[in-house]
Each structure stands twice: as C-alpha cells, then as structure tokens.
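**Student:** Heads up: the sequence shown at position 51 corresponds to 51 in the UniProt record's numbering, and the numbers run straight through without jumps. Backbone N, C-alpha and C fix where the C-beta goes; we use that ideal spot for every residue, glycine too. Remember, it's a predicted structure, so these values are computed and weren't measured experimentally.
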Amino acid sequence: MRAADADREAVADRLRAALGEGRLDLHEYDERLQRAYAARTYAELDVLLADLPPVTPTQGSALAPAAASAPAPASPTGDPGGQPGPAGGGVTARWLAEVWLPYLNVITVVVTIWAVTSLLNRDLLYFWPVWVAGPWGAVLVVRTITGLTGGEPRRHAIERARRKQRRQAKRAHQRELGTDGPDESEDPRPAG
Numbered sequence: 001m002r003a004a005d006a007d008r009e010a011v012a013d014r015l016r017a018a019l020g021e022g023r024l025d026l027h028e029y030d031e032r033l034q035r036a037y038a039a040r041t042y043a044e045l046d047v048l049l050a051d052l053p054p055v056t057p058t059q060g061s062a063l064a065p066a067a068a069s070a071p072a073p074a075s076p077t078g079d080p081g082g083q084p085g086p087a088g089g090g091v092t093a094r095w096l097a098e099v100w101l102p103y104l105n106v107i108t109v110v111v112t113i114w115a116v117t118s119l120l121n122r123d124l125l126y127f128w129p130v131w132v133a134g135p136w137g138a139v140l141v142v143r144t145i146t147g148l149t150g151g152e153p154r155r156h157a158i159e160r161a162r163r164k165q166r167r168q169a170k171r172a173h174q175r176e177l178g179t180d181g182p183d184e185s186e187d188p189r190p191a192g
C-alpha cells in the first residue's frame, strides 16, 4: 500500500527520537530520513524502523525520560513544531548566509580600502579588488551549487541542532551536579 505524507512524518519523528536516544548516529539518521521522505510504500517505511525498538509512552514507562526537564531542541528548519519541512527555505537561507557573508564582508573592506586610496591619490587606481573577489567568488559559486544539490544546508542544520542539544544537555548535567563552572570568588591559580 502507498504511504501518505503523515506516515512519512511519523517515521521521521521516530527517527528523530532514535537520534536523540543515541540509537542512530547523525550520518545514519540523515540517510534514513532521506529514504523516509522518498518512500512510496509502507514496506519502504517499515524497513527504516525495523531495527529500532517501539516507542513506549511516557506515562506507561516506569522510567522518567532522560531529558524531561530540558526543552525540546529546535528543529533544523527552525520550526518550533519540530517538523523538518521538505522545502527548508529557512535552513537554505541560513546556510547561504554562512557561506557568503564572510566573502561579502571581506570584499566590502577591500573595495573600501581601494576607494579611500583612490580618493587620497585623487585619481582612480587600478581596481585590484577584482583579484580577491574573482577567484574566491568562483570557489563559492561552485561550493553553493554542489552544496545545494547535495543537501548540505539540511545536513548543516541537523549538525547545528545536535551541537545545541549537546550543549543544553551538558549544562543541565552540570546544573544537576551543582558545578556550573569555577566560582568567580576563587582564584583558579595554585597558591604558591
């Protein structure tokens, strides 16, 4: 039987939970998530969950969830509902900004230097910033095309969300232990 979008979303949710539980690594999660969204039948979806244990409802479990007090991590798309939309426009825009903003900042500085030196000489100098902008821009165009066709924005967002989740878990663990870091009133240097 053919699967519906809701079925693919349910499998994606279960895969996300398995990633959070540590049952899947990031690479395997990404691979299975791609296959889930490409699946057409229930059989294709069942294969993705075959080696994962079923989800036990929280109220039916004797154990408290590990991250019950921690807020749910933001989804890679930034959607508070946690659903990774297939379009992922926000993810792509953020990735493009991270790739291109350093280039634009440097080119702005270089062109400004050229403009100031041209004004000080009272003559337009040779436009040397082209030797900075041209090659670097060509590399970024290739990186952008290969990244967009290879799904790099989504992978980058998943990794960023995972790092954020690790930081939050580490902070929560430190709070539980009562070690939020060194006491500012104590000098960390050894007495001597």
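Please report the residue range of the alpha helix (DSSP H) in which residue 53 lies.
**Tutor:** Working through the sequence shown from its first residue, we reach residue 53 at position 53. Element bounds for residue 53: n/a, residue is neither H nor E.
**Student:** Count the other CB atoms, across all protein chains shown, that sit within 10 Å of the CB of residue 142; report buried if there are 16 or more and exposed otherwise.
**Tutor:** Residue numbering aside, residue 142 sits at position 142 when the sequence shown is read from its first letter. So residue 142 counts as exposed.
**Student:** What three-state label does DSSP hand residue 2 in the structure shown?
**Tutor:** Mapped onto the sequence shown, residue 2 falls at position 2. Note: residue 2 maps to strand in three-state DSSP.
**Student:** May I ask which residues mark the beginning and end of the alpha helix (DSSP H) holding residue 22?
**Tutor:** The sequence position of residue 22 within the sequence shown is 22, counting from 1. Element bounds for residue 22: n/a, residue is neither H nor E.
**Student:** Residue range of the alpha helix (DSSP H) that residue 46 falls in?
**Tutor:** Position 46 of the sequence shown, counted from the start, is the residue given in the question as residue 46. Note, residue 46: alpha helix (DSSP H), 42 to 49.
**Student:** Of all the options 42, 169 and 25, which has the alpha carbon lying nearest to the alpha carbon of residue 5?
**Tutor:** To locate residue 5, count along the sequence shown from 1; it is residue 5. Nearest option by C-alpha distance: 42.
**Student:** Does the beta-carbon of residue 8 have 16 or more other beta-carbons within 10 angstroms, so that it is buried, or is it exposed?
**Tutor:** Here residue 8 refers to the residue found at position 8 when the sequence shown is read from its first residue. Classification for residue 8: buried.
**Student:** Would you mind giving the Cβ-Cβ distance between residue 15 and residue 38, rounded to the nearest angstrom? I have them listed as a contact below 8 Å.
**Tutor:** As a working mapping, residue 15 is identified with position 15 in the sequence shown. As a working mapping, residue 38 is identified with position 38 in the sequence shown. Contact flag wrong, Cβ pair sits at about 13 Å.
**Student:** For residue 29, collect the residues of the same chain with a Cβ closer than 8 Å to its Cβ; drop the 5 residues on either side in sequence, then sort them by chain order.
**Tutor:** Within the sequence shown, numbered from 1, the residue matching residue 29 stands at position 29. These residues qualify, in order along the chain: 15, 16, 18, 19 and 158.
**Student:** Taking C-alpha atoms, which residue in 105, 162 and 45 lies nearest to residue 10?
**Tutor:** Locating residue 10 in the sequence shown gives position 10, counting from the first residue. Nearest C-alpha to residue 10: 45.
**Student:** Cβ of residue 107 within 8 Å of Cβ of residue 135?
**Tutor:** For the purposes of this step, residue 107 is taken as the residue at position 107 of the sequence shown. For the purposes of this step, residue 135 is taken as the residue at position 135 of the sequence shown. Not closer than 8 Å, so no.
**Student:** Verify whether the separation of the beta carbon atoms of residue 110 and residue 139 is less than 8 Å.
**Tutor:** Counted from its first residue, the sequence shown places residue 110 at position 110. Counted from its first residue, the sequence shown places residue 139 at position 139. Going by C-beta atoms, residue 110 is not nearer than 8 Å to residue 139.
**Student:** From residue 115 to residue 121, what does the alpha carbon distance come to, in whole angstroms?
**Tutor:** On the sequence shown, position 115 is the one that residue 115 refers to. On the sequence shown, position 121 is the one that residue 121 refers to. Rounded to the nearest angstrom, the two C-alpha atoms are 10 Å apart.
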